[in-house]
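*Asks:*
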Amino acid sequence: MIALLQRVTQAKVDVAGATIGAIDAGLMVLVCAERGDTEKEADALLAKLLGYRVFADDAGKMNRSVTDVAGGLLLVPQFTLAADTKSGTRPSFTPAAVPQDGLRLFTYFVDQARSRHATVQTGQFGADMQVSLTNDGPVTFWLQVNAKQ
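Per the numbering used here, the very first residue in the sequence shown carries number 6; after that it's consecutive.
1) Counting only runs of 4+ residues fully inside the segment 101-147, write out the alpha helix (DSSP H) ranges in chain order.
2) Over the uninterrupted alpha helix (DSSP H) stretch that includes L32, give me the two end residues.
3) Determine the contact status of A118 and D42, defining contact as a CB-CB distance below 8 Å.
4) Rounded to whole angstroms, what is the Cα-Cα separation between D48 and T94?
5) So, are the CB atoms of V18 and A30 less than 8 Å apart?
6) In this structure, how does DSSP classify G93 when only helix, strand and coil are distinguished?
7) Please list, in chain order, all residues of the same chain as V20 whose beta carbon is under 6 Å from its beta carbon, the five residues on each side excluded.
8) Per DSSP, what kind of secondary structure is F98 in: helix, strand or coil?
9) Of all the options A16, T99, G142, M6, which has the alpha carbon lying nearest to the alpha carbon of K45?
10) Do Q83 and L35 come within 8 Å of each other at the CB atom, strictly closer than that value?
11) Three-state secondary structure (DSSP) at K17?
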């Protein structure tokens, strides 16, 4: 599974002109399931995400996690993160999980996040979403947990 996380001062997701998820300071996270991923990879990615130290401590060093600062999480499904861009000028999405697996794993990921973190908002799987955010820093990290083949 893949997560592209961005530290934000605010972020929101709109679908059909209506805001369906919004947070103040925290992390906006694009989440993607790849072929072969299971709940095991989702659990490992969530643990890494919740503990990843991207917020400043009193000395200005990135030593605090979203959990430490009680920041918001905005989880947005994004299958294009799995794109194979090695050749040509059009991406291949073969590495991405098939839609039913992607939905199942995204739903699982969100449910687990909500059981472990106070503020969790989401985008909508399969929807045409408009995501807006103010990246704080900017600070952006790619996290990936690969399925064991």
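Where is the CB? At the ideal position from N, CA and C, for every residue including glycine.
No experiment lies behind these values; they were computed from the predicted model shown.
*Replies:* Let me lay it out:
1) 104-121
2) On the sequence shown, position 27 is the one that residue 32 refers to. Run containing L32: none in the alpha helix (DSSP H); it sits in the beta strand (DSSP E), 31-37.
3) The residue you call residue 118 lines up with position 113 of the sequence shown. The residue you call residue 42 lines up with position 37 of the sequence shown. Going by C-beta atoms, A118 is not nearer than 8 Å to D42.
4) As a position in the sequence shown, residue 48 is number 43, starting the count at 1. As a position in the sequence shown, residue 94 is number 89, starting the count at 1. Distance between the alpha carbons of D48 and T94 is about 34 Å.
5) Position 13 of the sequence shown holds residue 18. Position 25 of the sequence shown holds residue 30. Not in contact: V18 and A30 (Cβ atoms no closer than 8 Å).
6) Position 88 of the sequence shown, counting from 1, holds the residue named residue 93. It is coil, neither helix nor strand.
7) In the sequence shown, the residue the question calls residue 20 occupies position 15. Contacts found: Q129, A132, M134.
8) Sequence index remark: in the sequence shown, residue 98 carries index 93 (1-based). Reduced to three states, the DSSP call for F98 is coil.
9) Residue mapping note: residue 45 aligns to position 40 of the sequence shown, counting from 1. That would be M6, whose Cα lies nearest to the Cα of K45.
10) The sequence position of residue 35 within the sequence shown is 30, counting from 1. The sequence position of residue 83 within the sequence shown is 78, counting from 1. It is a contact, given that the beta carbons lie within the stated cut-off.
11) In the sequence shown, the residue the question calls residue 17 occupies position 12. Note: K17 maps to strand in three-state DSSP.
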